[in-house]
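Heads up: the sequence shown at position 219 corresponds to 499 in this note's numbering, and the numbers run straight through without jumps.
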Amino acid sequence: MRAELFTNDYKTTPFWQDIAPKVEVPETPLPDEIDILVIGAGYTGLNAALQTAREGLGTLVLDAEHPGWGCSMRNGGQLSTSLKPSFSKLAGRYGNDLAVALCQEGQASLDYMHELSSQESLDLGLQEVGRFHGAHKRHLYETLARECEAAHPVWKTDAFMVPKTEMASELGTDTYHGGMVLPRHCSIDVSRYLPSLLNKVLSVGAVVRGGCRVNSVERCGTGFRVTTSAGSLKAGRIILATNGYSGALSPWHQRRIVPIGSYVIATEEIAKETIDKLFPTDRVLSDTRKLVYYYRLSPDRKRVLFGGRVSLRETDPHNSASKLHKDMVALFPELADVRVSHGWMGFVGYTFDTLAHCGEDDGLYFATGYCGSGVGMASYLGMRMGRKAAGTEKTPSAFERISYPTRPLYTGNPWFLAPSVLVYRLRDRLGV
281 MRAELFTNDY KTTPFWQDIA PKVEVPETPL PDEIDILVIG AGYTGLNAAL
331 QTAREGLGTL VLDAEHPGWG CSMRNGGQLS TSLKPSFSKL AGRYGNDLAV
381 ALCQEGQASL DYMHELSSQE SLDLGLQEVG RFHGAHKRHL YETLARECEA
431 AHPVWKTDAF MVPKTEMASE LGTDTYHGGM VLPRHCSIDV SRYLPSLLNK
481 VLSVGAVVRG GCRVNSVERC GTGFRVTTSA GSLKAGRIIL ATNGYSGALS
531 PWHQRRIVPI GSYVIATEEI AKETIDKLFP TDRVLSDTRK LVYYYRLSPD
581 RKRVLFGGRV SLRETDPHNS ASKLHKDMVA LFPELADVRV SHGWMGFVGY
631 TFDTLAHCGE DDGLYFATGY CGSGVGMASY LGMRMGRKAA GTEKTPSAFE
681 RISYPTRPLY TGNPWFLAPS VLVYRLRDRL GV
């Protein structure tokens, strides 16, 4: 690990946190009783609280840390239709009708983010910049080309291919063998979305409190008795919105969510001519690796934000920063002398079927398992679960209609992660 790799003010906190506007959250004591308790003040929880508070229900949002501390301020700010399995795989699992419904909700999650920006006037910094998805092996370009040519039964992707000979128009690297552009994918400014959403939730009457860990939830009559680090209270209904940070609070969910660390760096500011050469567009970027890289420019086009999975086991963000920098330079040798100003990590909530899930268990509502595509889906399913808890949403989500699988012997500790990463690394080398 080279000392000169890091700036003098290098931080292991998210880059977004440094530039986010501060939101004053009023100090309020815990009530004795509340209609709706939302556990988790990230995208899921705050979008849920927005719905319940608007319906006049007393709404309390609690977070063990400050609002947005988890992945809502640690992500890369990339928006897609949020589904990992292809339509054909979904149809094979669930049949054509349910596969269509799942894809429709994937599209709805992206549409919802546009609605937040336009109808709710939230400051997301939303831009429809498109995604470039690079082929890291030659034969995978042909695979992407076949996907691009095939009409999707739900999404109108408007996707097009960029051959290696035209790569300079998209990205200044010789590593990829061309790639596919998905022009409807978007970026947001993470530093602006969470504060804007939090202000909106406070404005409609919800109470939000950070630094208040929920320790236990027990059923009590028609509601719940909840114990927190600041005391206990009774809640009529609960919305669990903790995803990759759920822990042992709900053992049933813990057995179904796999917390996987994802690591990100932000570089120091880079000369404009270098940025313009390497990144001629503002697209969000990813590639065909199983252990995928996801990266983009900062909203002001001055830094590179580069993320991925860098080790077999969870590691220190300081150690991961050097590995991510090495991977970034493998793509862009011109960045070899560019230093790292921030290195951080967050726990992605993964599932065994690589799909999000939501639902209700007698007054306890949940939305979890976004599998690394949570900016839009967490916001959307949070909204849907908020409406369901408020009684204004009667139609089940497609994600409620699928089973939420676990595995034997899994109780929340992903002991299988290291061998899985090894297998994925081998598959990436072979391109299979």
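All C-beta atoms in this analysis are idealised placements derived from N, C-alpha and C, irrespective of residue type, glycine included. No experiment lies behind these values; they were computed from the predicted model shown.
Rounded to whole angstroms, how far is the Cβ of residue i from the Cβ of residue j, which I believe are closer than 8 Å?
i      : j      : result
Lys514 : Cys500 : 7 Å
Arg619 : Thr547 : 7 Å
Ser352 : Gln407 : Incorrect: roughly 19 Å between the Cβ atoms, too far for contact.
Thr800 : Ala521 : Nothing in the structure corresponds to residue 800, since the chain is present only between 281 and 712.
Leu462 : His413 : 7 Å
Met665 : Ile519 : 6 Å
Which two residues bound the contiguous beta strand (DSSP E) that contains residue i?
i      : result
Ala636 : From DSSP, Ala636 is part of no beta strand (DSSP E); its letter is neither H nor E.
Tyr690 : Note, Tyr690: premise wrong, no beta strand (DSSP E); not H, not E.
Arg264 : Outside the displayed span of the chain (281 to 712) sits residue 264, for which this structure offers no information.
Gly711 : Looking at the DSSP string, Gly711 is not in any beta strand (DSSP E), and its letter there is neither H nor E.
Leu342 : Thr339 to Leu342
His413 : Arg411 to Gly414
Thr287 : Phe286 to Lys291
If we call anything under 8 Å between Cβ atoms a contact, is residue i one with residue j?
i      : j      : result
Gly516 : Ile316 : yes
Arg535 : Tyr690 : yes
Gly459 : Phe612 : no
Leu424 : Met441 : yes
Leu359 : Leu390 : yes
Leu340 : Gly511 : no
Pro347 : Val488 : yes
Arg563 : Gly410 : yes
Thr631 : Val701 : no
Ala636 : Tyr645 : no
Pro294 : His533 : no
Met663 : Tyr473 : no
Gly639 : Glu680 : yes
Arg589 : Leu565 : no
Ser602 : Ser591 : no
Val305 : Gly490 : yes
Gly338 : Ile314 : yes
Gly357 : Val655 : yes
Grab the span of the alpha helix (DSSP H) containing residue i for me, first residue to last.
i      : result
Ser398 : Asn376 to Ser398
Ala515 : Run containing Ala515: none in the alpha helix (DSSP H); it sits in the beta strand (DSSP E), Gly511 to Leu520.
Leu482 : Val470 to Ser483
Ala321 : No alpha helix (DSSP H) contains Ala321, which DSSP labels as neither H nor E.
Phe295 : Phe295 to Ile299
Leu462 : Note, Leu462: premise wrong, no alpha helix (DSSP H); beta strand (DSSP E) at Gly459 to Leu462.
Thr507 : Segment Gly503 to Thr508 is the beta strand (DSSP E) holding Thr507; no alpha helix (DSSP H) there.
Tyr525 : It is not in any alpha helix (DSSP H) - Tyr525 carries neither H nor E in the DSSP assignment.
Pro433 : Segment: none, Pro433 is in no alpha helix (DSSP H) and carries neither H nor E.
Taking just the CA atoms, how far does residue j sit from residue i?
i      : j      : result
Leu378 : Ala678 : 7 Å
Lys552 : Lys582 : 7 Å
Glu594 : Gly336 : 43 Å
Thr445 : Lys557 : 16 Å
Asn288 : Tyr543 : 21 Å
Tyr525 : Trp296 : 19 Å
Asp567 : Leu697 : 21 Å
Met281 : His605 : Reliability fails at Met281, whose pLDDT of 48 lies under 50, so the model's placement of it is uncertain and the value that follows must be treated cautiously. Using only the alpha carbons, I get a separation of about 11 Å.
Gly692 : Ala528 : 8 Å
Pro475 : Pro301 : 7 Å
Ile555 : Asp708 : 28 Å
Asp438 : His465 : 10 Å
Ser368 : Gly386 : 15 Å
Ser683 : Phe504 : 25 Å
Asp454 : Gly587 : 19 Å
Thr648 : Arg426 : 32 Å
Gly541 : Ser653 : 14 Å
Thr675 : Leu615 : 50 Å
Ala329 : Pro694 : 31 Å
Gly626 : Ala344 : 15 Å
Asp642 : Ser530 : 14 Å
Measure from the C-beta of residue i to each C-beta in chain B and report whether the shortest distance is under 8 Å.
i      : result
Ala415 : Of the chains in the structure shown, none is chain B; there is only one protein chain.
Grouping DSSP H, G and I as helix and E and B as strand, with all else coil, what is residue i?
i      : result
Pro685 : coil
Ala371 : helix
Met281 : Caution is warranted here: a pLDDT of 48 is assigned to Met281, below 50, making its placement in the model unreliable, and the coordinate value is therefore given only provisionally. Coil at Met281, not helix or strand.
Ser677 : coil
Asn355 : coil
Pro539 : strand
Lys552 : helix
Ser602 : helix
Leu571 : coil
Lys668 : helix
Lys582 : coil
Arg493 : coil
Gly629 : strand
Leu644 : strand
Gly649 : coil
Ala546 : strand
Asp454 : coil
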